[in-house]
Amino acid sequence: MDPVTRLVHAGQDIDRAYRSVTTPIYQTSTFRFEDVERAGGYEYTRLGNPTRHTLEALLAELEGGVGAVATASGMAAISIALAVLEAGVHLLCTRDCYGGTYRLLAHLQRQGKLEVTFLDLGDPAAREEAIKPTTRAIWVETPSNPLLRTTDLSELTAFAHSRGLLVIADNTFLSPLLQRPMDFGVDLVVHSTTKYLNGHADVVGGAVIARNEELNRAIQFAAKTGGAVQAPFDAWLVLRGMKTLHLRMAAHEENARAVAQFLARHPKVERVHYPGLETDPGHTLAKRQQRGFGGMVSFAVRGGQAEARKVLQRTRVFALAESLGGVESLIGHPATMSHAAMPPEYRRVVGIDDHLLRLSVGIEARQDLVADLEQALA
Ligand SMILES: *Cc1c(COP(=O)(O)O)cnc(C)c1O
Numbered sequence: 531m532d533p534v535t536r537l538v539h540a541g542q543d544i545d546r547a548y549r550s551v552t553t554p555i556y557q558t559s560t561f562r563f564e565d566v567e568r569a570g571g572y573e574y575t576r577l578g579n580p581t582r583h584t585l586e587a588l589l590a591e592l593e594g595g596v597g598a599v600a601t602a603s604g605m606a607a608i609s610i611a612l613a614v615l616e617a618g619v620h621l622l623c624t625r626d627c628y629g630g631t632y633r634l635l636a637h638l639q640r641q642g643k644l645e646v647t648f649l650d651l652g653d654p655a656a657r658e659e660a661i662k663p664t665t666r667a668i669w670v671e672t673p674s675n676p677l678l679r680t681t682d683l684s685e686l687t688a689f690a691h692s693r694g695l696l697v698i699a700d701n702t703f704l705s706p707l708l709q710r711p712m713d714f715g716v717d718l719v720v721h722s723t724t725k726y727l728n729g730h731a732d733v734v735g736g737a738v739i740a741r742n743e744e745l746n747r748a749i750q751f752a753a754k755t756g757g758a759v760q761a762p763f764d765a766w767l768v769l770r771g772m773k774t775l776h777l778r779m780a781a782h783e784e785n786a787r788a789v790a791q792f793l794a795r796h797p798k799v800e801r802v803h804y805p806g807l808e809t810d811p812g813h814t815l816a817k818r819q820q821r822g823f824g825g826m827v828s829f830a831v832r833g834g835q836a837e838a839r840k841v842l843q844r845t846r847v848f849a850l851a852e853s854l855g856g857v858e859s860l861i862g863h864p865a866t867m868s869h870a871a872m873p874p875e876y877r878r879v880v881g882i883d884d885h886l887l888r889l890s891v892g893i894e895a896r897q898d899l900v901a902d903l904e905q906a907l908a
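Note that the sequence shown ends on residue 908 in the working numbering; no numbers are left out.
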């Protein structure tokens, strides 16, 4: 079946007693055993819950994996993916990655639990140079955050697998409808379901999806021992949000394209990052690797931070807030908000300037979004 049909019908078969059309919420911590040795399928909600399992099965299917864990947040999912690695190993990571991922990896490095090199993963020479005898994995975000840089996943996994490295991709920015990293050989996919998958800014959640049985056992074990699994009600909300994922992604993208085109022509805008623009350096690759360009746009305002700040204060439809992927449009300032964990000198090297703004373009009427930015820039 087409993923769209699967999204709409997910969970319809789990209620054998009453044949409910929507997924029931199994709001229970524990389940009665049939007798001392035999559980009836579920024992305890940290180990497994039918509502959460419906979401996990759907995510595994959409991403092309064999199993998944739905977690309490995107960062919990990232922690589980990292738990698959042994202590002390070295990994390579996209240099403009999610701020929280940077904070966690930098912290684990300070504690001596991991070693990390942040780099442009699309640069073969830099990659080759960064490899050490202890390197075990590559952490990739494509498109990256907030600069929307695209990395060639097949080329990256070919490089990684020839050296026995695991590839982990954060697919939050596109969702499995617009990009399936496992089709290009990626081993683990993580999501913050807080963003597009749930899509309504009313849940914090995450997921890890495994490509093979061995990795699936490892993530299931990490989830049940660490315990950062998603609550049944939140899993149900994500499932409900996902029913309209295809409609929302199409609307996000149409609006993002209009906004990016408007910004690209505006005299007060220094540059725009959106792979959907034909002038974007990642356009050709994104077109080949993705099924759409998504709803995230970033741009630099001429006149430095003072001018950028004015824009942030003036938008009315775009709400000044962290996060992304919800139906409502948001505007943020990566340097002081989502990427504040990165030291200023590191941000400068990477290109996360003080006058860079990030938009999560929502599904409102296009003309209202463009008009809002127009008045904010005036
Ligand atoms: C938000 C986000 C995360 C973290 O997810 P939470 O649900 O906030 O814990 C990780 N990666 C990316 C790309 C994100 O946007």
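Built from N, CA and C at the ideal position, the CB exists for glycine as well.
- Sequence-distant partners of VAL734 (beyond 5 residues in either direction) whose C-beta falls short of 6 Å from its own C-beta, in its chain, are SER603 and THR724.
- In the DSSP assignment, MET826 is bridged to SER890.
- Bounds of any beta strand (DSSP E) do not take in SER609; it lies within the alpha helix (DSSP H) bounded by 604 to 613.
- Ranked by Cα distance from GLY892, the options GLY822, THR809, LEU592 and VAL847 are led by VAL847.
- Beta-bridge pairing by DSSP links GLY736 to THR601 and SER722.
- Out of LEU612, LEU887 and ALA895, the CA that lies nearest to the CA of LEU745 is found in LEU612.
- Cβ-Cβ separation between PRO673 and GLY812: approximately 7 Å, consistent with a contact (criterion under 8 Å).
- Minimum Cα-Cα distance from ASP565 among the listed residues SER559, ILE861 and GLU573 corresponds to GLU573.
- DSSP places GLY771 in the helix class (H, G or I) of the three-state scheme.
- The shortest C-alpha to C-alpha distance from THR681 to any of LEU695, LYS662, ASN701 and PRO663 is the one to ASN701.
- Per DSSP, GLU808 lies in no alpha helix (DSSP H) and is assigned neither H nor E.
- Taking a 10 Å sphere around the C-beta of ASP717, we find 16 or more other C-beta atoms and assign the residue as buried.
- When secondary structure is reduced to three states using DSSP, LEU727 falls in the coil class, being assigned neither helix nor strand.
- With respect to the C-alpha of GLY806, the residue from MET826, PRO797 and LYS798 having the closest C-alpha is MET826.
- Counting only residues of its own chain and dropping the five nearest sequence neighbours on each side, LEU769 has a CB closer than 8 Å to the CB of ALA540, GLY541, THR553, THR581, THR584, LEU585 and LEU588.
- Assignment of TYR876 by DSSP, reduced to helix, strand and coil, places it in the helix class.
- Put simply, of ALA590, VAL614 and PRO874 the residue whose alpha carbon is nearest the alpha carbon of ALA753 is VAL614.
- As DSSP reads the structure, VAL697 sits in a beta bridge with ILE668.
- Segment contact: the region 626 to 644 against the region 867 to 874, three or more CB-CB distances shorter than 8 Å; contact assigned.
- The three-state secondary structure of LEU677, taken from DSSP, is coil.
- In the three-state scheme derived from DSSP, where H, G and I count as helix and E and B as strand, GLY629 is classed as helix.
- In the structure shown, LEU815 falls within a helical segment according to DSSP collapsed to helix, strand and coil.
- In this structure, ligand 1 has a non-hydrogen atom nearer than 7 Å to the beta-carbon of ILE608.
- With a cutoff of 7 Å, ASP700 counts as near ligand 1, since its C-beta is closer than that to a heavy atom of the ligand.
- GLN750 counts as buried, since no fewer than 16 other beta carbons sit within 10 angstroms of its beta carbon.
- Excluding residues up to 5 positions away in sequence, GLY595, MET712 and ASP717 lie with their Cβ nearer than 6 Å to the Cβ of ARG741 in the same chain.
- A distance below 8 Å between beta-carbons, with the five flanking residues on each side excluded, links VAL551 to the following residues of its chain, in chain order: GLN542.
- Excluding five sequence positions before and after LEU686, the CB atoms of its chain that fall closer than 7 Å to its own CB belong to LEU651, ILE668, VAL670 and VAL697, given in chain order.
- Around ALA569, the same chain offers PHE561 and PHE563 as residues with beta carbons nearer than 8 Å, after the five sequence neighbours per side are excluded.
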